[in-house]
Amino acid sequence: MWENKDVTSALSTTKTIRDSAIVLRTQDLGEHDRIIILATRQRGIVHAVARGVRKSSSKIGARLEPFMLVDISAAPGKKLATISQVVT
Numbered sequence: 001m002w003e004n005k006d007v008t009s010a011l012s013t014t015k016t017i018r019d020s021a022i023v024l025r026t027q028d029l030g031e032h033d034r035i036i037i038l039a040t041r042q043r044g045i046v047h048a049v050a051r052g053v054r055k056s057s058s059k060i061g062a063r064l065e066p067f068m069l070v071d072i073s074a075a076p077g078k079k080l081a082t083i084s085q086v087v088t
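Using full-length UniProt numbering, the first residue of the sequence shown is number 1, and each one after it goes up by one.
Encoded structure:
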């Protein structure tokens, strides 16, 4: 419980998160979304949601596979950050 509280407070200090990360794990959420667990350089373990990545027209879906090294931009949320951009 304390771990999630610390992560949430660390994420809420900025409007946009930009960091290098390694994708550790993915979990499907609904029909089109996916929860991504990332290990970032500055913020440690971050849980984020990637909206629409399971659609066939998604441009960032293939970049968010486990063990990929990516640069992400995300907006903080109450429990999960929302990934807006991914660059490999």
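Every residue gets a Cβ at the ideal spot worked out from N, C-alpha and C, and that includes glycine.
Extent of the continuous beta strand (DSSP E) run through residue i
i          : result
residue 20 : 17-29
residue 84 : 81-87
residue 49 : 44-50
residue 39 : 33-40
residue 73 : 69-75
Exposure label - residue i; buried when at least 16 CB within 10 Å
i          : result
residue 96 : This structure leaves residue 96 out entirely; the chain is present only between 1 and 88.
residue 87 : exposed
residue 69 : exposed
Sub-8 angstroms separation of residue i and residue j beta-carbons
i          : j          : result
residue 49 : residue 29 : yes
residue 40 : residue 19 : yes
residue 89 : residue 37 : Residue 89 falls outside the range modelled here, since the chain spans only 1 to 88, and no answer is possible.
For residue i, the nearest candidate out of the options (CA to CA)
i          : options           : result
residue 67 : 22, 52 and 51     : 22
residue 15 : 84, 75 and 52     : 75
residue 80 : 73, 46, 52 and 56 : 46
residue 44 : 78, 52 and 17     : 17
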